[in-house]
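**Q** Numbering (the UniProt record's numbering), first residue to last: 1 to 354. Backbone N, C-alpha and C fix where the C-beta goes; we use that ideal spot for every residue, glycine too. Treat the numbers as computed from the prediction; the structure is a model and nothing was measured. Below is a structure I'd like to ask you about.
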Amino acid sequence: MNVFPSGEQWVLQGGGYEATVVSVGGGLRRLTYDGRPILLGYGEDEAAHAGIGQHLFPWPNRITDGQYTFDGTDQQLALTEPARKNAIHGLTRWATWQRLDDGSDPAALAVGHRLHDHPGYPHQLDLRLDYRLDAPTPPTSPQPPSSPQSGSPQTPPSGSPQQPGTPQQSGSPQPTASHQRPGSPQLPGSPQLSGGLTVIATATNIGRNSAPYGYGAHPYLTVGRPIDECVLEFTATDRLEVSADRMAPIGLTPVAGSPYDFRSARTIGTTTIDNAFTGLGAEWSVTLSDPDTGTRSVLTSDTPWMQLFTGEAVGRTALAVEPMTCPPDAFRTGQDLVVLKPGESHTTTFQVSI
Numbered sequence: 001m002n003v004f005p006s007g008e009q010w011v012l013q014g015g016g017y018e019a020t021v022v023s024v025g026g027g028l029r030r031l032t033y034d035g036r037p038i039l040l041g042y043g044e045d046e047a048a049h050a051g052i053g054q055h056l057f058p059w060p061n062r063i064t065d066g067q068y069t070f071d072g073t074d075q076q077l078a079l080t081e082p083a084r085k086n087a088i089h090g091l092t093r094w095a096t097w098q099r100l101d102d103g104s105d106p107a108a109l110a111v112g113h114r115l116h117d118h119p120g121y122p123h124q125l126d127l128r129l130d131y132r133l134d135a136p137t138p139p140t141s142p143q144p145p146s147s148p149q150s151g152s153p154q155t156p157p158s159g160s161p162q163q164p165g166t167p168q169q170s171g172s173p174q175p176t177a178s179h180q181r182p183g184s185p186q187l188p189g190s191p192q193l194s195g196g197l198t199v200i201a202t203a204t205n206i207g208r209n210s211a212p213y214g215y216g217a218h219p220y221l222t223v224g225r226p227i228d229e230c231v232l233e234f235t236a237t238d239r240l241e242v243s244a245d246r247m248a249p250i251g252l253t254p255v256a257g258s259p260y261d262f263r264s265a266r267t268i269g270t271t272t273i274d275n276a277f278t279g280l281g282a283e284w285s286v287t288l289s290d291p292d293t294g295t296r297s298v299l300t301s302d303t304p305w306m307q308l309f310t311g312e313a314v315g316r317t318a319l320a321v322e323p324m325t326c327p328p329d330a331f332r333t334g335q336d337l338v339v340l341k342p343g344e345s346h347t348t349t350f351q352v353s354i
C-alpha cells in the first residue's frame with residue numbers, strides 16, 4: 001500500500017474539469033480543464049508547499065505574536081511562522097480529513113474534520129468542505145426588455161448588496177443558524193454559477209462556548225506562463241499595508257494611483273504583491289490571463305477580503321488568490337471576525353473557472 005505525503009487522493013471529473021483533493025488538510029492538489037492546469041498543483045509524491053491548495057481554518061493569514069484576547073481571556077497560539085513570530089493560517093492544514101459522501105457522484109466530494117481544543121484555541125468545530133465540478137455555461141445573448149402588461153406594475157429590484165469590509169452579523173443568526181453574506185454564490189448546481197470548481201467551506205461550533213472564527217483558502221491561479229507576462233484584473237479599492245519585517249498590519253491605503261491598482265486589466269510586470277485587499281463589492285473576481293492566447297483562470301467569491309501573493313515562493317509561476325472572511329490579525333482587532341455561538345454555522349463559497 002502506497003502512502004502519499006499528501007494522504008489519500010480523491011479524483012473528481014465533470015464538465016471537462018478534473019480535480020484531485022487530498023486527505024491531508026482536505027486540500028486541492030490539482031485542478032485542470034481539458035488537461036490544462038487552472039491552478040498550480042503539486043505531485044502526489046510531494047507534500048503541499050507554499051500553501052498550495054490549502055484551507056485555512058479557523059483563521060486565515062497571520063496573528064501577530066500568536067496572541068489575542070477573547071471573552072476576557074488571553075490566549076497564546078503556537079508561533080507557526082517563527083521567523084516573524086506569528087501564528088499563521090490556522091490549525092488544520094496538516095490534519096487528516098475524512099470523506100463524508102458515498103462517492104456516487106463522480107463530480108462531487110465532501111470531506112470533514114473535527115477540530116478539538118488546541119493551545120490558544122479552546123474550542124470545538126465541525127468542519128466540512130464540499131467540492132463540485134460543473135461544465136462551463138456558454139454565454140447567452142441579452143434579451144430585449146419586455147413591455148409590462150397593462151395594469152401590471154414592474155417589480156423594483158430587491159435589496160442592495162452589503163458593502164465590503166463590514167462586520168459579519170454573527171450575533172444575529174438566521175433561522176438556519178448559518179452566517180452567510182447577502183449576495184453569496186449559491187450552492188453547487190445553482191444556475192447562478194458559470195461552471196468550474198465550486199468549493200463550500202462550513203464550520204459549525206459544537207462546543208459549549210462562543211468561538212472566534214475566520215476562513216481562508218490558498219489556491220494559485222496559473223495560465224502556464226510566468227505571471228510577470230500575464231494580465232491581471234480585480235476590483236479592490238483598498239490595500240492593507242503591512243510592516244516589512246513581520247507582515248503586521250499597519251492600515252488601509254487606496255489603490256488608486258498606486259502600483260496595486262488593477263481595476264483596469266494590465267500586465268503584472270515586476271510588481272510584487274503580498275497584501276490583503278478589500279473594497280471588493282458584494283461578489284468579486286480575480287482574472288489572470290495570457291495576453292497572447294486569451295487563456296485565463298478566474299477565481300470568484302463574496303468574501304469581504306482577499307490576499308494576493310505574486311508567488312515568489314513558487315518562482316512567480318502562479319498568483320495566489322486567497323479569499324478571506326477577515327483580514328490579518330482579526331483575532332486581535334475584531335475586524336470582520338465571525339463569532340460562532342454554540343450550534344451556529346458559517347459558510348463561505350468560492351469558485352475557480354476558465
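Would residue 217 and residue 331 be called neighbours here (beta carbons separated by less than 8 Å)?
**A** As a working mapping, residue 217 is identified with position 217 in the sequence shown. As a working mapping, residue 331 is identified with position 331 in the sequence shown. Not in contact: residue 217 and residue 331 (Cβ atoms no closer than 8 Å).
**Q** Along the chain, which unbroken stretches of the beta strand (DSSP E) at least 3 residues long are found entirely within the stretch 70 to 100?
**A** For the stretch 70 to 100, whole beta strand (DSSP E) runs of length 3 or above, ordered along the chain, are 73 to 76, 86 to 88.
**Q** Determine the extent of the beta strand (DSSP E) in which residue 350 is found, giving its start and end residues.
**A** Numbered from its first residue, the sequence shown carries residue 350 at position 350. First-last of the beta strand (DSSP E) with residue 350: 345 to 353.
**Q** In whole angstroms, what separates the C-alpha of residue 71 from that of residue 121?
**A** Locating residue 71 in the sequence shown gives position 71, counting from the first residue. Locating residue 121 in the sequence shown gives position 121, counting from the first residue. Rounded to the nearest angstrom, the two C-alpha atoms are 12 Å apart.
**Q** What does a CB cutoff of less than 6 Å around residue 135 pick up in its chain, not counting 5 residues either side in sequence?
**A** Position 135 of the sequence shown, counted from the first residue, corresponds to residue 135. Excluding sequence neighbours, residue 135 sits near 15, 195.
**Q** Do the stretch 27 to 45 and the stretch 113 to 120 touch if we need at least three Cβ pairs shorter than 8 Å?
**A** With the cut-off at 8 Å, the stretch 27 to 45 and the stretch 113 to 120 do not touch.
**Q** In chain order, which beta strand (DSSP E) runs of at least 3 residues are fully inside the stretch 263 to 293?
**A** Whole beta strand (DSSP E) segments, 3+ residues: 274 to 278, 284 to 289.
**Q** Could you give the first and the last residue of the continuous beta strand (DSSP E) run that contains residue 201?
**A** Looking up residue 201 in the sequence shown gives position 201. Looking at the DSSP string, the run of the beta strand (DSSP E) that includes residue 201 is 196 to 205.
**Q** Taking only the alpha-carbon atoms, compute the straight-line gap between residue 236 and residue 5 and give it to the nearest angstrom.
**A** For the purposes of this step, residue 236 is taken as the residue at position 236 of the sequence shown. For the purposes of this step, residue 5 is taken as the residue at position 5 of the sequence shown. Those two C-alpha atoms are separated by around 37 Å.
**Q** Which ranges would you report for the beta strand (DSSP E) in the stretch 213 to 270 if only whole runs of at least 3 residues count?
**A** 216 to 218, 231 to 233, 238 to 242, 249 to 254, all fully within the stretch 213 to 270.
**Q** With DSSP as the reference, label residue 30 as helix, strand or coil.
**A** As a working mapping, residue 30 is identified with position 30 in the sequence shown. Strand, per DSSP.
**Q** Specify the secondary structure class of residue 147 as computed by DSSP and reduced to three states.
**A** Along the sequence shown, read from residue 1 onward, the residue named residue 147 stands at position 147. Bear in mind that a pLDDT of 38 at residue 147, under 50, signals an unreliable position, so the model cannot answer this.
**Q** Can you have a look at residue 250 and say buried or exposed, based on whether 16 or more other CB atoms are within 10 angstroms of its CB?
**A** Position 250 of the sequence shown holds residue 250. By the neighbour-count rule (16 or more Cβ atoms within 10 Å), residue 250 is not buried but exposed.
**Q** May I ask which residues mark the beginning and end of the alpha helix (DSSP H) holding residue 333?
**A** As a first step, residue 333 is located in the sequence shown; it is residue number 333 there, counting from the start. That run of the alpha helix (DSSP H) goes 330 to 333.
**Q** Check residue 339 in the structure and name its three-state DSSP category.
**A** Walking along the sequence shown from the start, residue 339 turns up at place 339. In the structure shown, residue 339 sits in a strand (DSSP, three-state: E or B).
**Q** Is the Cβ-Cβ distance between residue 132 and residue 100 less than 8 Å?
**A** Taking the sequence shown and counting its residues from 1, the one referred to as residue 132 is at position 132. Taking the sequence shown and counting its residues from 1, the one referred to as residue 100 is at position 100. It is not a contact, given that the beta carbons lie outside the stated cut-off.
**Q** Less than 8 Å separating the beta-carbons of residue 25 and residue 95?
**A** Residue numbering aside, residue 25 sits at position 25 when the sequence shown is read from its first letter. Residue numbering aside, residue 95 sits at position 95 when the sequence shown is read from its first letter. Yes.
**Q** Please classify residue 13: is it buried, with 16 or more other beta-carbons within 10 angstroms of its beta-carbon, or exposed?
**A** Position 13 of the sequence shown holds residue 13. Residue 13 is exposed by the Cβ-count criterion.
**Q** Cβ atoms of residue 58 and residue 214: under 8 Å apart, would you say?
**A** As a first step, residue 214 must be located in the sequence shown, where it is residue number 214. As a first step, residue 58 must be located in the sequence shown, where it is residue number 58. Cβ distance < 8 Å, so residue 214 and residue 58 count as in contact.
**Q** In or out: residue 174 buried (at least 16 other Cβ within 10 Å) or exposed?
**A** Taking the first residue of the sequence shown as position 1, residue 174 is located at position 174. Note that residue 174 has pLDDT 34, beneath the 50 cutoff, so the model's placement of it is unreliable and the number below is only indicative. When all chains shown are included, residue 174 counts as exposed.
**Q** Under three-state DSSP, which class holds residue 313?
**A** Position 313 of the sequence shown, counted from the start, is the residue given in the question as residue 313. Residue state, collapsed to three classes: helix.
**Q** Let me check one thing: in DSSP terms, what residues is residue 13 bridge-paired to?
**A** If you number the sequence shown from 1, residue 13 lands on position 13. Per DSSP, 18.
**Q** Which same chain residues, not among the five before or five after residue 318, have their C-beta less than 8 Å away from its C-beta?
**A** The residue you call residue 318 lines up with position 318 of the sequence shown. Excluding positions up to five away in sequence, the list reads 39, 40, 220, 221, 222, 227, 311.
**Q** In chain order, what residues of the same chain lie with their CB nearer than 8 Å to the CB of residue 110, ignoring the 5 residues before and after it?
**A** Position 110 of the sequence shown holds residue 110. Excluding residues within five positions, the ones whose Cβ falls inside 8 Å are 99, 100, 101, 128, 129, 130, 131.
**Q** Just list the residues that DSSP pairs residue 46 with in beta bridges.
**A** As a first step, residue 46 is located in the sequence shown; it is residue number 46 there, counting from the start. The partner list for residue 46 (beta bridge, DSSP) is empty, contrary to what the question assumes.
**Q** Can you pull the DSSP bridge partners for residue 124?
**A** By 1-based counting over the sequence shown, the position of residue 124 is 124. Note: residue 124 sits in no beta bridge, so no partner.
**Q** As a quick exercise: from 232, 343, 107, 75, pick the residue whose alpha carbon is nearest that of residue 308.
**A** Residue numbering aside, residue 308 sits at position 308 when the sequence shown is read from its first letter. Of the candidates 232, 343, 107, 75, the one whose C-alpha sits nearest the C-alpha of residue 308 is 232.
**Q** Between the stretch 60 to 67 and the stretch 324 to 344, are three or more C-beta pairs nearer than 8 Å?
**A** Yes: at least three Cβ pairs fall under 8 Å.
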